[in-house]
Amino acid sequence: MGYARTNTVCMVGAAAVAVTVEASVYKSSSKGADTVRMSGLPDNVVNQAQTRVRSAMANSALRFPDKSISVNFAPASVPTTGSAADLALAVTIMCADDLLPVERLADAVLLAELGLDGSLRSVPGTLPALMEARRAGLRTAIVAPENAAEAAMVEGLTILAPRDLATVVAWIFGQTPLDPVPRPPAPPPPRLPDLADVHGQPLARRALEIAAAGGHHMLMIGPPGAGKTMLAERLPSILPPLSDAEAVEVTSLHSLRGRFTGGAAALLHNAPFEAPHHSITMQALVGGGSGNVGPGSLALAHRGVLFIDEAPEWPRAVLDSLRQPLESGEVRIRRANTSICYPAKVTLVLAANPCPCAPNKPADCTCPPLKRRGYLTRISRPLMDRIDLRVHLPPVPPSAILTDVTEAEPSGSVAKRVLRAREAAASRWAEAGEPWGLNSEVPGPVLRSVRWRLPPSDRRRVDDLLLKERITARGYDRVLKLAWTIADLREHERPTADDVAEASELRLGYPLR
Numbered sequence: 001m002g003y004a005r006t007n008t009v010c011m012v013g014a015a016a017v018a019v020t021v022e023a024s025v026y027k028s029s030s031k032g033a034d035t036v037r038m039s040g041l042p043d044n045v046v047n048q049a050q051t052r053v054r055s056a057m058a059n060s061a062l063r064f065p066d067k068s069i070s071v072n073f074a075p076a077s078v079p080t081t082g083s084a085a086d087l088a089l090a091v092t093i094m095c096a097d098d099l100l101p102v103e104r105l106a107d108a109v110l111l112a113e114l115g116l117d118g119s120l121r122s123v124p125g126t127l128p129a130l131m132e133a134r135r136a137g138l139r140t141a142i143v144a145p146e147n148a149a150e151a152a153m154v155e156g157l158t159i160l161a162p163r164d165l166a167t168v169v170a171w172i173f174g175q176t177p178l179d180p181v182p183r184p185p186a187p188p189p190p191r192l193p194d195l196a197d198v199h200g201q202p203l204a205r206r207a208l209e210i211a212a213a214g215g216h217h218m219l220m221i222g223p224p225g226a227g228k229t230m231l232a233e234r235l236p237s238i239l240p241p242l243s244d245a246e247a248v249e250v251t252s253l254h255s256l257r258g259r260f261t262g263g264a265a266a267l268l269h270n271a272p273f274e275a276p277h278h279s280i281t282m283q284a285l286v287g288g289g290s291g292n293v294g295p296g297s298l299a300l301a302h303r304g305v306l307f308i309d310e311a312p313e314w315p316r317a318v319l320d321s322l323r324q325p326l327e328s329g330e331v332r333i334r335r336a337n338t339s340i341c342y343p344a345k346v347t348l349v350l351a352a353n354p355c356p357c358a359p360n361k362p363a364d365c366t367c368p369p370l371k372r373r374g375y376l377t378r379i380s381r382p383l384m385d386r387i388d389l390r391v392h393l394p395p396v397p398p399s400a401i402l403t404d405v406t407e408a409e410p411s412g413s414v415a416k417r418v419l420r421a422r423e424a425a426a427s428r429w430a431e432a433g434e435p436w437g438l439n440s441e442v443p444g445p446v447l448r449s450v451r452w453r454l455p456p457s458d459r460r461r462v463d464d465l466l467l468k469e470r471i472t473a474r475g476y477d478r479v480l481k482l483a484w485t486i487a488d489l490r491e492h493e494r495p496t497a498d499d500v501a502e503a504s505e506l507r508l509g510y511p512l513r
């Protein structure tokens, strides 16, 4: 009886788990010889791997053992999903049958799908998988050529990218050398859309700056052409660049969606921007679905912006699926054997027309009054209650387009104020021994506690709104969070009455009377 083991990595949600592939090859006196039995928690894709392995070996002039084979994926309690273990499975079986020497694979991780012709094919999640392999002490990674650029982002690993199984076997025997994939130079960061392109809309620009400084969710209501999409697309340009750790985290989520297959790859240091279409399914938005569970648009926007255009046109159930993740900052998908979690700390930006006919001038509206009033109520109240900033955009005046005017303030200037405000908030909460970095993350009871409670004279406006039931208890807390962000932007030590008043108006979406 022969035995061998090799190394691969399995993705469980956003978490990578180092997996040992064990194989035992033996003669069996019972019926059922020449079979492969798998143990652990392999899914259907893994169970079907033996078909791919048999065909790949046959088309690579390699012999599949005519014996009974037992395969185990350890730890056996970890769900093994996807096709990333194909190459490891094929090599382990050959090593267990004494067809290959296993010694050269002691510090190697094998991560590739096998085609029926023996070719190595790309798999999603290569970046987080190889980072886990490096943490596990492995020093060589064998991946598909399409994953080579992504794999080369991981420092401390020698990346090999053979084209097929036969080349891997020849390398193991020492017959064919493989050149390590060089680490490519970091490409220049992409140029983001600039706020200087947006003329007019001073209130919306102010709200966008506050949203960026505090991580607050935002709703923009205005006719077509008012600049809602332009403003949303420029929000990432005023957000601080991602730190190295954040860039790895965000890039890993995009890797799970296979977005780095083929061309050049680099860590994403700019805040991501996701703008799904209103026809998207709930599973595509938040993640999940049958079979292999992957991150949805919400997780792909982690530490960035999720833009929902034409929000009233979305199915209410799809939009309401955002409610819990917006509160917790993560998407949790439960299955029978496991719970999968994806980080999802996003700034949500909703955009909507004032009514279905969406005229440029309110006087031109052809909608019946009842239909006009009910249009925005398609967005549920519980979701609206989680939106901190509500801004009505007027039509852009012709003078803003036709007249030569002074260039609007660029993103670079706004980004500096946003960064200072974020640093002030992070410093304040760190000195208080709290873990929050953004004002939007601070629980409401903390802001209402003795230490952080504002004087009655400063919070009179928001207290009055709560007493008159014009805002909910959650809305009250969110006004306080907005006020702290506005104070940070104005470099105030604590919010003043004017800060609270501005926060209240931005929460309501109209001036206080």
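The numbering of the sequence shown is full-length UniProt numbering, which starts it at 1 and goes up by one.
Each residue gets a CB set at the ideal place from its N, CA and C atoms; glycine is no exception.
### Task
Could you tell me which of SER77, ARG37, GLY258 sits nearest to VAL25, measuring between CA atoms?
Residue 25 sits at position 25 when you count from the first residue of the sequence shown. When each option's Cα is compared against that of VAL25, the closest is ARG37.
### Task
List in chain order: all unbroken beta strand (DSSP E) runs of 3+ residues lying wholly within the region 215-288.
Runs of the beta strand (DSSP E) inside the region 215-288: 218-221.
### Query
Where does LEU120 sit, in a helix, a strand or coil, going by DSSP?
Here residue 120 refers to the residue found at position 120 when the sequence shown is read from its first residue. Strand, per DSSP.
#### Entry: Alpha-carbon spacing of TRP429 relative to PRO343, whole angstroms
Translated into the one-based positions of the sequence shown, residue 429 becomes position 429. Translated into the one-based positions of the sequence shown, residue 343 becomes position 343. Near 22 Å, if we compare the C-alpha coordinates of PRO343 and TRP429.
### Task
Since I believe VAL414 is in contact with residue 525 (beta carbons under 8 Å), could you give me their beta-carbon distance rounded to a whole number of angstroms?
Because residue 525 is not part of the residues shown, which for the chain are 1 to 513, the question remains open.
### Query
Are LEU389 and LEU267 closer than 8 Å when you measure CB to CB?
Start at 1 with the first residue of the sequence shown, and residue 389 comes out as number 389. Start at 1 with the first residue of the sequence shown, and residue 267 comes out as number 267. No. Outside cutoff.
### Expected contact under 8 Å - CB spacing of ASP309 and THR251 to nearest Å
On the sequence shown, position 309 is the one that residue 309 refers to. On the sequence shown, position 251 is the one that residue 251 refers to. About 25 Å; that fails the 8 Å criterion.
### Message
Pop quiz: ILE221 and LEU393 are said to be a contact at Cβ under 8 Å. What is the actual Cβ separation, rounded to whole angstroms?
### Response
Here residue 221 refers to the residue found at position 221 when the sequence shown is read from its first residue. Here residue 393 refers to the residue found at position 393 when the sequence shown is read from its first residue. Taking the Cβ atoms as the reference, ILE221 lies roughly 7 Å from LEU393, within the contact range of under 8 Å.
### Task
Can you say whether LYS361 is buried or exposed, counting buried as having 16 or more other CB atoms within 10 angstroms of its CB?
In the sequence shown, the residue the question calls residue 361 occupies position 361. In the assembly as shown, LYS361 is an exposed residue. Its beta-carbon has fewer than 16 other beta-carbons within 10 Å.
### Query
With a CB to CB cut of under 8 Å and the five nearest residues on each side skipped, what residues in its chain are close to LEU454?
Position 454 of the sequence shown, counting from 1, holds the residue named residue 454. Closer than 8 Å at Cβ, skipping near neighbours: LEU480, ALA483, ARG494, PRO495, VAL500.
### Pairwise C-alpha distance: LEU512 and SER504
What you label residue 504 is simply residue 504 of the sequence shown in a count that begins at 1. What you label residue 512 is simply residue 512 of the sequence shown in a count that begins at 1. Rounded to the nearest angstrom, the two C-alpha atoms are 8 Å apart.
### Query
Among GLY40, ALA432, ALA88, which has the Cα closest to the Cα of THR8?
Stepping through the sequence shown from its first residue, residue 8 is reached at position 8. When only C-alpha atoms are compared, the closest one is ALA88.
### Query
Do you know how far the Cα of LYS27 is from the Cα of GLY2?
Here the question's residue 2 lines up with position 2 in the sequence shown. Here the question's residue 27 lines up with position 27 in the sequence shown. Going by the C-alpha atoms only, they are around 10 Å apart.
### Message
If I follow the unbroken alpha helix (DSSP H) through ASN423, where does it start and stop?
### Response
Your numbering for residue 423 matches position 423 in the sequence shown. Position check: residue 423 holds Glu in this sequence, whereas Asn was assumed. Residues 411-431.
### Message
Rounded to whole angstroms, what is the Cα-Cα separation between ARG191 and GLU409?
### Response
Here residue 191 refers to the residue found at position 191 when the sequence shown is read from its first residue. Here residue 409 refers to the residue found at position 409 when the sequence shown is read from its first residue. Distance between the alpha carbons of ARG191 and GLU409 is about 17 Å.
### Expected contact under 8 Å - CB spacing of PRO145 and ALA166 to nearest Å
For the purposes of this step, residue 145 is taken as the residue at position 145 of the sequence shown. For the purposes of this step, residue 166 is taken as the residue at position 166 of the sequence shown. Between ALA166 and PRO145 the Cβ distance is about 14 Å, and since that is not below 8 Å, they are no contact.
### Query
How far does the alpha helix (DSSP H) with VAL154 in it reach, from first residue to last?
Counted from its first residue, the sequence shown places residue 154 at position 154. First-last for VAL154: undefined, no H or E at that position.
### Task
Determine the extent of the alpha helix (DSSP H) in which THR126 is found, giving its start and end residues.
If you number the sequence shown from 1, residue 126 lands on position 126. In the DSSP assignment, THR126 falls within the unbroken alpha helix (DSSP H) covering 126-135.
### Query
Relative to the alpha-carbon of ASP97, which residue among LEU208, PHE64, ARG104 has its alpha-carbon at the smallest distance?
On the sequence shown, position 97 is the one that residue 97 refers to. Nearest neighbour of ASP97 by Cα position, chosen from LEU208, PHE64, ARG104, turns out to be PHE64.
### Task
Thinking ASN147 and VAL169 are a contact (beta carbons under 8 Å), I'd like their distance in whole angstroms, please.
For the purposes of this step, residue 147 is taken as the residue at position 147 of the sequence shown. For the purposes of this step, residue 169 is taken as the residue at position 169 of the sequence shown. Going by Cβ atoms, the distance from ASN147 to VAL169 rounds to 19 Å, so no, they are not a contact pair.
### Neighbour-count burial assignment, PHE73, 16 or more Cβ in a 10 Å radius
In the sequence shown, residue 73 corresponds to position 73, counting from 1. Flag for PHE73 reads buried.
#### Entry: Helix, strand or coil at THR81 [DSSP, three-state]
Taking the first residue of the sequence shown as position 1, residue 81 is located at position 81. Here THR81 sits in coil by DSSP.
### Task
Could you give the DSSP three-state label for VAL305: helix, strand or coil?
What you label residue 305 is simply residue 305 of the sequence shown in a count that begins at 1. Of the three classes helix, strand and coil, the one that applies to VAL305 here is strand, per DSSP.
### Cβ neighbours of ALA108 in the same chain (closer than 8 Å, five flanking residues each side left out)
Translated into the one-based positions of the sequence shown, residue 108 becomes position 108. Excluding sequence neighbours, ALA108 sits near THR6, ASN7, LEU138, ARG139, THR140, ALA141, ILE142.
### Unbroken stretches of the alpha helix (DSSP H), 4 residues or longer, contained in the region 350-407
369-375, 381-384, 398-402
### Query
Could you give the residue range of the beta strand (DSSP E) that holds ARG37?
The sequence position of residue 37 within the sequence shown is 37, counting from 1. From DSSP, the beta strand (DSSP E) with ARG37 extends over 36-39.
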